[in-house]
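In what follows, a structure is listed as structure tokens, so that the remarks can point back to it.
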Amino acid sequence: MRALWEGSLVFGLVNIPIKLYSASEEKSLSFNLLHKKDNSPIRYARICKLEDKEVPYEDIVKGYEYEKGEYVILTDKDFDKAHVNTTHTIDIIEFSGEAEIDIRYFDKPYYLEPDRGANKAYALLRDAMHKSKKIAIAKFVLHNREHLGVLKSVENVLVLDKIRFLSEIRSPEDLKLPEQNLTNKQELDMALALIKQLSHPFKPEKFHDTYAEDLQNTIQIKTRGKKPSAKVKALKKTTPGDLMKVLKASLKKPTRPGKHKKVA
198 MRALWEGSLV
208 FGLVNIPIKL
218 YSASEEKSLS
228 FNLLHKKDNS
238 PIRYARICKL
248 EDKEVPYEDI
258 VKGYEYEKGE
268 YVILTDKDFD
278 KAHVNTTHTI
288 DIIEFSGEAE
298 IDIRYFDKPY
308 YLEPDRGANK
318 AYALLRDAMH
328 KSKKIAIAKF
338 VLHNREHLGV
348 LKSVENVLVL
358 DKIRFLSEIR
368 SPEDLKLPEQ
378 NLTNKQELDM
388 ALALIKQLSH
398 PFKPEKFHDT
408 YAEDLQNTIQ
418 IKTRGKKPSA
428 KVKALKKTTP
438 GDLMKVLKAS
448 LKKPTRPGKH
458 KKVA
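At the far end of the sequence shown sits residue 461, using the numbering used here, and the numbering has no gaps.
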């Protein structure tokens with residue numbers, strides 16, 4: 198893996214040199230845009246509106262429009278100066294319980310690796326966090342922007358999960374949601390029984406991207422000059438009158454974990 202960022206993890210007065218790596222990667226199929234007429238690849242061009250010419254990447258700068266048509270140009274040094282004290286540090290602000298973090302805040306995970314000479318301090322923080330069963334709330338700057346993060350000891354590595362600020366979370370107040378206490382006790386008990394029956398320890402290896410697998414199968418069929426057959430089954434909408442009947446049927450024949458029906 199290639200390090201995305203190098204700096205220090207600051208824990209009180211303890212300074213731990215670290216490297217940051219992305220802990221996730223996209224596994225989706227890659228497609229090219231083609232001209233329908235002759236299957237020629239389509240490319241994106243950076244066009245100058247004034248000259249109507251393509252501009253090389255090295256001639257492009259970042260500008261902020263402070264008035265209509267008026268820009269101030271910012272360089273990489275300008276972005277660094279904005280956070281001169283935090284640009285190369287991950288600052289632990291406080292510790293909290295993991296259950297206190299709303300699921301909506303989590304965004305992207307990163308691995309932290311100790312840099313040269315930092316093994317002892319890294320191991321100390323990792324082991325202390327593991328024993329305390331606490332997560333750390335931290336601030337850091339990445340890609341010219343300040344972020345909030347959650348630091349956790351996972352197995353043998355410190356994982357930094359970038360989380361969203363409160364200002365980035367939309368309120369659900371405009372959604373048309375059902376009122377509370379809409380269901381009766383019998384329906385609720387049946388739903389709880391189904392949840393219990395379908396409850397299993399989470400094992401990520403049980404789950405895989407069936408949509409990508411189906412697409413890959415379609416690609417293989419089409420490369421052999423054949424036409425893939427469509428097997429799309431419409432799902433019947435569950436009405437309030439069918440709710441108890443459907444719940445009872447589900448309890449008799451539950452969906453196997455990791456196996457999900459396809460939705461058209």
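Don't be surprised by glycine CBs; every beta carbon is placed ideally from N, CA and C.
DSSP, reduced to helix, strand and coil, places P253 outside both helices and strands of the structure shown, so it counts as coil. Counting the other CB atoms within 10 Å of its CB gives D358 a total of 16 or more, which places it among the buried residues. Annotation: the region 378 to 416 contains the following complete segments of the alpha helix (DSSP H) (minimum length 4 residues), in chain order: 382 to 394.
Across the set D273, L247 and P253, the C-alpha of D273 shows the shortest separation from the C-alpha of K259. A direct Cα-Cα distance of roughly 16 Å separates E376 from K382. Per the coordinates, the alpha-carbon of R313 lies some 24 Å from the alpha-carbon of V347.
Per DSSP, the beta bridge partners of A333 are F292 and L348. Contact check for L201 against L217 passes: the beta carbons are separated by less than 7 Å.
No Cβ-Cβ contact shorter than 7 Å links S221 with P214. By the neighbour-count criterion, in which 16 or more other beta carbons inside 10 Å mark a residue as buried, V211 falls on the exposed side. Cβ-Cβ distances below 8 Å link G438 to nothing in the same chain once the five nearest sequence neighbours on each side are left out. The C-beta of P369 has fewer than 16 other C-beta atoms within 10 Å across all chains shown, which makes the residue exposed. V356 is bridged by DSSP to Y308 and K349. With fewer than 16 neighbouring CB atoms inside 10 Å of its own CB, V252 falls in the exposed class. Rounded to the nearest whole angstrom, the C-alpha separation of P401 and M387 is 27 Å.
Taking the CA atoms as reference points, Y241 sits about 10 Å from L230. S396 counts as exposed, since fewer than 16 other C-beta atoms from the protein chains shown sit within 10 angstroms of its C-beta. Taking 7 Å as the cut-off, the beta carbon of H327 is found no closer than this to the beta carbon of S293. Residue burial annotation: A409 is exposed, with fewer than 16 other C-beta atoms found within 10 angstroms of its C-beta.
The beta carbon of E384 sits closer than 8 Å to the beta carbons of L440, M441 and L444 from its chain, once the five residues preceding and following it are set aside; these are given in chain order. In the DSSP assignment, no residue is bridged to V258.
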